[in-house]
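Visitor: Encoded as structure tokens, here's the structure I'll be asking about.
There are 2 protein chains.
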Amino acid sequence: MARTEPARGMRDFLPEDVRRREYVIGVIERVYERYGFEPLETPAVENLETLMGKYGEEGNQLIFKILKRGEHEATGQADLALRYDLTVPLARVVADQRGKLPKFFKRYQIQPVWRADRPARGRFREFYQCDVDSLGSTSPVIDAEVCAAVSDALVELGFTDFVLRINHRQLLTAILESAGVGAPQHGDALVALDKLDKIGRDGVANEFVARGIEATAGNRLLALFASTAAAVSLDDAARFIGTHEAGQAALANLRAIFDLSSRTAAGGRLRFDPSIARGLSYYTGAIMEINVPNFAGSLGGGGRYDNLVGMFSGETIAACGFSLGLERILVLMTEHQMFPPDLAMNPADVMVAAFDAAGMPHAMALAAALRRRNLRVFVYPEPDKIGKQIKYAESRGIPCVAMLGENEIQRGEVTIKHLASRQQVVRAQDNAGDAVRELVGRG
Amino acid sequence: MARTEPARGMRDFLPEDVRRREYVIGVIERVYERYGFEPLETPAVENLETLMGKYGEEGNQLIFKILKRGEHEATGQADLALRYDLTVPLARVVADQRGKLPKFFKRYQIQPVWRADRPARGRFREFYQCDVDSLGSTSPVIDAEVCAAVSDALVELGFTDFVLRINHRQLLTAILESAGVGAPQHGDALVALDKLDKIGRDGVANEFVARGIEATAGNRLLALFASTAAAVSLDDAARFIGTHEAGQAALANLRAIFDLSSRTAAGGRLRFDPSIARGLSYYTGAIMEINVPNFAGSLGGGGRYDNLVGMFSGETIAACGFSLGLERILVLMTEHQMFPPDLAMNPADVMVAAFDAAGMPHAMALAAALRRRNLRVFVYPEPDKIGKQIKYAESRGIPCVAMLGENEIQRGEVTIKHLASRQQVVRAQDNAGDAVRELVGRG
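Chains as they are written, first to last, in our numbering: chain R, 867 to 1309; chain L, 867 to 1309.
Shown next as structure tokens:
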């Protein structure tokens, strides 16, 4: 007997899973289209060199690598790899096609990515990202539109209480410099600050010591961040960094994004939060993260990365984007029963039942006619007793059964039974479509 | 400078490509839903052992293998592989989930597969298959429905002159046995016969000799196949195999499929063709292939494979399916301009243009209002001169520009320009949606 489970950390999606996933993807796509984003798709497989070195040391470890083929297979070397995110492939495409793409290129991309992470609850090795990115402009309109688009998508899916936390890479640098943290320790300081909510002031102070950050600098930082990071205002940050020029420019950029967002879907949801840092190294400006109450981890994140395309093309192309995580959205929507109640989960609107093999060609012809009326039709394939056939329709949630006995066939008629109401009507086969549409409420 | 092209044999799909692909996939999905097929998705990555040995020796060579990770990477060994088709993963899922799946499981699956083939014109290393499969019944209704579904999908896409060639594995065996070809040479005989159209009777006769097939047997076969295979009727085949029991059962099965198909979308398109053999070894009954005139190769193929699930579960589960090749469908539809002329290729219905940075928050608010009216809106992100902005909209095929100058903003109005007609209207910002919908013909 062979193994039948999917590979570790991967999942099979049965019809009901796919229908829920497709519903969510459909909503997100429609919203992204309304924002003028266009669809892009890239291959699952990239040249290994395209991905290596773009995601930090830890990222390199998590890339699935593909063995060379044919005579080179024996070398045990890899030359290809599975897509790790949708941003690096986008940067590669923009560098590759920059002659063909418009000046302002807004794209969405909803595709799976693969990471050789240790599988855990809610963490998979194959998962979908829903990305929007906008290239070609440094205007804060771009950042604000990205925030509006993802907010709108979540609102449309039924999320009501999410918060879009925003910060700025250059403001973070300014804050750390103003506090007196040396550049080599910026990373350490951020990792420690990131735990403020969990381990409190004293915990972070200890962590600063353990990571070799000077007490004076550490105390200055803690004074700014008070007890919870969310309470720091843009004005607090402005006072803290004083005349730090790049920092003040970053604050002006954040103020512009707030201003531009005020009458969009992101409006009341944007919160300045100097504690968010975003792991990926390629961000250069505003950085964002979406959270919902009582849910650990974020629903997605993004930010501005004006230098990534340049790593491929040598030519700097401004860019800003956001990635929503499909799997977490699905977890929450399932937990909170946020799917529309009328999302069809059954395989068909009507089942055609013949009484014997001689009736089968008539069943096929009737099914063809019903399908031309845009109904979803299941033909029961075997000449089982009619009671057994009806039970099968019931078990599958198919609302109607169209029965073709000898009498019906002779008269060119069909008996249509609505299972829930037990209503039963006899119609000419030519009119069966109308009758079924009426019975299933699509008349 | 880094390499920017996609990996060899793989493709990036720019927005217009994706829109065409999504259109075709959407049509196929809708048709498959009408036939009661339900969606299934499986991971891109399978355990290597799941795939090895299922596709013959040549297939094994073309499987992309994934290197073990972490400390095992240095061994140069693979433990995972990329999906090679959609049928073997389906058989694995059905074996894995047989307790949860319905007695008759009809699924469609439209996902990419990967083969390390030598790339050529129209042959890629990543390509999409559009599969329908029906499990749990040996009834010819199943085979006929699969034929009807793929025919209907092609009709709906605008194909008018395709032919669905059908044959039967057990009939093929009966024909070869009746001709006196020994079992070990059945494969050789079929490879030679397959070339009849290309190299003619004499060519095939020579090929028989070269492959060591006895002259008497070869001549008998050629007598049946006459000059072109398509001219052989079911009656010809019946006479040829005489009382061969399994062969006559196969013919009865084919006759039933023809009978059941007569009033379906496959009706006039089914042709018996004893020369098709289908490469894959797992077929056990009827086998099908779709061709169009003046196009080498098939648009898809399929057949009955009653023993494949049993390779995973030990329990025999009857199955029949068909796979349409998306890439070839797209090639033909592009060549013959079969896409609907109104397939939207532009990024938006309307572009919002502010005259300066102060107007930008108003532009964002107007865009939000237009999007609530379900319009696709592009906000021009920079305060360029209005003439330059309008030129940009023109270059992107965006039909309308909504302009917000200082006067308009003061009055709560907006000037909407329809670029093709040069019509220009001034409206209250609250009514802009109606005006744009009217101008773009969605009123």
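Beta carbons are placed, not taken as given, at the ideal position from N, Cα and C, and that holds for glycine.
For a contact defined as C-beta to C-beta under 9 Å, what are the partners of R/S901 on chain L?
Guide: As a first step, residue 901 of chain R is located in the first sequence; it is residue number 35 there, counting from the start. Sequence check: residue 901 of chain R is Tyr here, not Ser. Going along chain L in sequence order, the residues near R/Y901 (Cβ under 9 Å) are A1214, A1233, R1237, R1242, V1243, F1244 and V1245.
Visitor: CB-CB under 7 Å to L/A910, same chain, minus the five flanking residues each way: which ones, in chain order?
Guide: Mapped onto the second sequence, residue 910 of chain L falls at position 44. Excluding residues within five positions, the ones whose Cβ falls inside 7 Å are L948 and R949.
Visitor: If the criterion is Cβ atoms closer than 9 Å, does the pair L/V1029 and L/R1121 meet it?
Guide: Mapped onto the second sequence, residue 1029 of chain L falls at position 163. Mapped onto the second sequence, residue 1121 of chain L falls at position 255. No, Cβ-Cβ distance for L/V1029 and L/R1121 is not below 9 Å.
Visitor: Within the same chain, show all residues whose beta-carbon is closer than 8 Å to that of L/I1123, passing over the 5 residues directly before and after it, in chain order.
Guide: The sequence position of residue 1123 of chain L within the second sequence is 257, counting from 1. These residues qualify, in order along the chain: P1006, D1009, A1010, C1013, I1032, L1136 and A1152.
Visitor: Comparing C-alpha positions only, which one of R/L1174, R/M1154 and R/V1158 sits nearest to R/G1168?
Guide: Mapped onto the first sequence, residue 1168 of chain R falls at position 302. R/G1168 has its Cα closest to that of R/M1154, out of R/L1174, R/M1154 and R/V1158.
Visitor: Which class does R/T1039 belong to by DSSP, given the choice of helix, strand or coil?
Guide: Against the first sequence, residue 1039 of chain R aligns to sequence position 173. Looking at R/T1039 - three-state DSSP - the assignment turns out to be helix.
Visitor: State yes or no: is the beta carbon of L/N913 nearer than 9 Å to at least one beta carbon in chain R?
Guide: What you label residue 913 of chain L is simply residue 47 of the second sequence in a count that begins at 1. Yes, because at least one Cβ of chain R sits closer than 9 Å to the Cβ of L/N913.
Visitor: Which stretch, first to last residue, makes up the alpha helix (DSSP H) that contains R/G1187?
Guide: Reading the first sequence from its first residue, position 321 is the one you call residue 1187 of chain R. Unbroken run through R/G1187 is the beta strand (DSSP E), A1185 to G1191; no alpha helix (DSSP H).
Visitor: In chain L, which residues lie with their C-beta within 7 Å of the C-beta of R/R958?
Guide: As a first step, residue 958 of chain R is located in the first sequence; it is residue number 92 there, counting from the start. Going along chain L in sequence order, the residues near R/R958 (Cβ under 7 Å) are T870.
Visitor: What number of angstroms, rounded off, separates the C-alpha of R/D1250 from the C-alpha of L/K966?
Guide: As a working note, residue 1250 of chain R is residue 384 in the first sequence. As a working note, residue 966 of chain L is residue 100 in the second sequence. Those two C-alpha atoms are separated by around 22 Å.
Visitor: Would you check if there are 3 or more beta carbon pairs closer than 8 Å linking the region 1170 to 1183 of chain L to the region 955 to 969 of chain L?
Guide: The region 1170 to 1183 of chain L is in contact with the region 955 to 969 of chain L.
Visitor: Runs of 4 residues minimum, wholly inside the region 884 to 969 of chain R: which ones carry the alpha helix (DSSP H) assignment?
Guide: You should have 914 to 917, 922 to 928 and 953 to 962.
Visitor: Which residues of the region 1170 to 1189 of chain R have a Cβ closer than 9 Å to any Cβ of chain L? Give them in chain order.
Guide: Result list: M1177, F1178, S1179 and G1180.
Visitor: Hey, would you say R/A1071 sits closer than 9 Å to R/G1053, going by beta carbons?
Guide: Locating residue 1071 of chain R in the first sequence gives position 205, where the first residue counts as 1. Locating residue 1053 of chain R in the first sequence gives position 187, where the first residue counts as 1. Not in contact: R/A1071 and R/G1053 (Cβ atoms no closer than 9 Å).
Visitor: Of all Cβ atoms in chain L, is any one closer than 9 Å to the Cβ of R/Q1290?
Guide: Position 424 of the first sequence holds residue 1290 of chain R. Not an interface residue.
Visitor: Going by beta-carbon coordinates alone, are R/I932 and L/K920 separated by less than 9 Å?
Guide: Position 66 of the first sequence, counted from the start, is the residue given in the question as residue 932 of chain R. Position 54 of the second sequence, counted from the start, is the residue given in the question as residue 920 of chain L. No, the Cβ-Cβ distance between R/I932 and L/K920 is not below 9 Å.
Visitor: Report, in whole angstroms, the separation of the C-beta atoms of R/L928 and R/R981, which I expect to be a contact under 8 Å.
Guide: By 1-based counting over the first sequence, the position of residue 928 of chain R is 62. By 1-based counting over the first sequence, the position of residue 981 of chain R is 115. That belief holds up - the Cβ atoms of R/L928 and R/R981 are roughly 5 Å apart, short of 8 Å.
Visitor: Let me make sure I understand the geometry here. Which of R/R1242, R/G1263, R/L1023 and R/S1261 has the alpha-carbon closest to that of R/R1303?
Guide: The sequence position of residue 1303 of chain R within the first sequence is 437, counting from 1. Checking every option, the nearest Cα to that of R/R1303 belongs to R/R1242.
Visitor: Name the one or two DSSP bridge partners that L/T1281 has.
Guide: Within the second sequence, residue 1281 of chain L is the residue found at index 415, counting from 1. Paired residue(s): L/M1269 and L/V1292.
Visitor: Less than 9 Å between the C-beta atoms of L/G1113 and L/A1103, yes or no?
Guide: For the purposes of this step, residue 1113 of chain L is identified with residue 247 of the second sequence, where counting begins at 1. For the purposes of this step, residue 1103 of chain L is identified with residue 237 of the second sequence, where counting begins at 1. For L/G1113 and L/A1103, yes; Cβs fall inside 9 Å.
Visitor: Taking the CB atoms as reference points, tell me whether R/L1190 and R/Y1148 lie closer together than 9 Å.
Guide: Position 324 of the first sequence, counted from the first residue, corresponds to residue 1190 of chain R. Position 282 of the first sequence, counted from the first residue, corresponds to residue 1148 of chain R. The answer is no: Cβ separation not under 9 Å.
Visitor: Kindly identify the DSSP beta-bridge partner or partners of R/M861.
Guide: Lying outside 867 to 1309, the shown extent of chain R, residue 861 of chain R is not represented and no answer is given.
Visitor: Give me, in chain order, the residues of the same chain whose beta-carbon lies closer than 6 Å to that of R/G1263; leave out the 5 immediate sequence neighbours on both sides.
Guide: For the purposes of this step, residue 1263 of chain R is identified with residue 397 of the first sequence, where counting begins at 1. If we look at R/G1263 and ignore the five residues flanking it on each side, its Cβ neighbours are N1212.
Visitor: Is the distance from the Cβ of R/L1023 to the Cβ of R/V890 below 9 Å?
Guide: Residue numbering aside, residue 1023 of chain R sits at position 157 when the first sequence is read from its first letter. Residue numbering aside, residue 890 of chain R sits at position 24 when the first sequence is read from its first letter. In contact: R/L1023 and R/V890 (Cβ atoms closer than 9 Å).
Visitor: Just confirm the distance between the C-beta atoms of R/M918 and R/E992, as a whole number of angstroms; I'd bet it's less than 8 Å.
Guide: Taking the first residue of the first sequence as position 1, residue 918 of chain R is located at position 52. Taking the first residue of the first sequence as position 1, residue 992 of chain R is located at position 126. Not confirmed; about 20 Å, so no contact.
Visitor: Can you check the region 1121 to 1208 of chain R for any alpha helix (DSSP H) of at least 4 residues that lies completely inside it and give the ranges in chain order?
Guide: With a minimum length of 4 residues, the continuous alpha helix (DSSP H) runs that stay inside the region 1121 to 1208 of chain R are 1174 to 1179 and 1192 to 1201.
Visitor: If the criterion is Cβ atoms closer than 9 Å, does the pair R/F1161 and R/L1198 meet it?
Guide: By 1-based counting over the first sequence, the position of residue 1161 of chain R is 295. By 1-based counting over the first sequence, the position of residue 1198 of chain R is 332. It is a contact, given that the beta carbons lie within the stated cut-off.
Visitor: Give the C-beta separation of L/A1223 and L/L1270 to the nearest angstrom, bearing in mind that I take them to be a contact with Cβ-Cβ under 8 Å.
Guide: As a working mapping, residue 1223 of chain L is identified with position 357 in the second sequence. As a working mapping, residue 1270 of chain L is identified with position 404 in the second sequence. Going by Cβ atoms, the distance from L/A1223 to L/L1270 rounds to 12 Å, so no, they are not a contact pair.
Visitor: Could you give the distance in angstroms between the alpha-carbon of R/A868 and the alpha-carbon of L/T916?
Guide: Sequence index remark: in the first sequence, residue 868 of chain R carries index 2 (1-based). Sequence index remark: in the second sequence, residue 916 of chain L carries index 50 (1-based). Roughly 8 Å separates the two Cα atoms.
Visitor: Report the rounded CA-to-CA distance for L/K1064 versus L/L1042, giving the unit in angstroms.
Guide: Here residue 1064 of chain L is taken as the residue at index 198 of the second sequence, counted from 1. Here residue 1042 of chain L is taken as the residue at index 176 of the second sequence, counted from 1. Cα to Cα, the separation comes out at about 21 Å.
Visitor: Less than 6 Å between C-beta atoms, sequence neighbours within five positions excluded: which residues of the same chain meet that for L/A1116?
Guide: Stepping through the second sequence from its first residue, residue 1116 of chain L is reached at position 250. Contacts found: H1034, Q1036 and L1037.
Visitor: When the distance is taken between beta carbons, is L/A1143 closer than 9 Å to L/L1062?
Guide: Mapped onto the second sequence, residue 1062 of chain L falls at position 196. Mapped onto the second sequence, residue 1143 of chain L falls at position 277. No, Cβ-Cβ distance for L/L1062 and L/A1143 is not below 9 Å.
Visitor: Starting from the N-terminal side, write out each stretch of the alpha helix (DSSP H) that is 4 residues or longer and does not extend beyond the region 992 to 1053 of chain L.
Guide: You should have 1006 to 1023 and 1035 to 1045.
Visitor: Shorter than 9 Å from the beta carbon of R/Y889 to some beta carbon of chain L?
Guide: Translated into positions along the first sequence, residue 889 of chain R becomes position 23. Chain L, which has no Cβ nearer than 9 Å to the Cβ of R/Y889, makes this no.
Visitor: Is there a C-beta anywhere in chain R that falls below 9 Å from the one on L/G942?
Guide: Start at 1 with the first residue of the second sequence, and residue 942 of chain L comes out as number 76. Taking Cβ atoms only, chain R reaches closer than 9 Å to L/G942, which makes this a yes.
Visitor: Where do the ends of the beta strand (DSSP E) carrying L/V979 lie?
Guide: Counting from one through the second sequence, the residue named residue 979 of chain L turns up at place 113. Unbroken beta strand (DSSP E) run through L/V979: F971 to W980.
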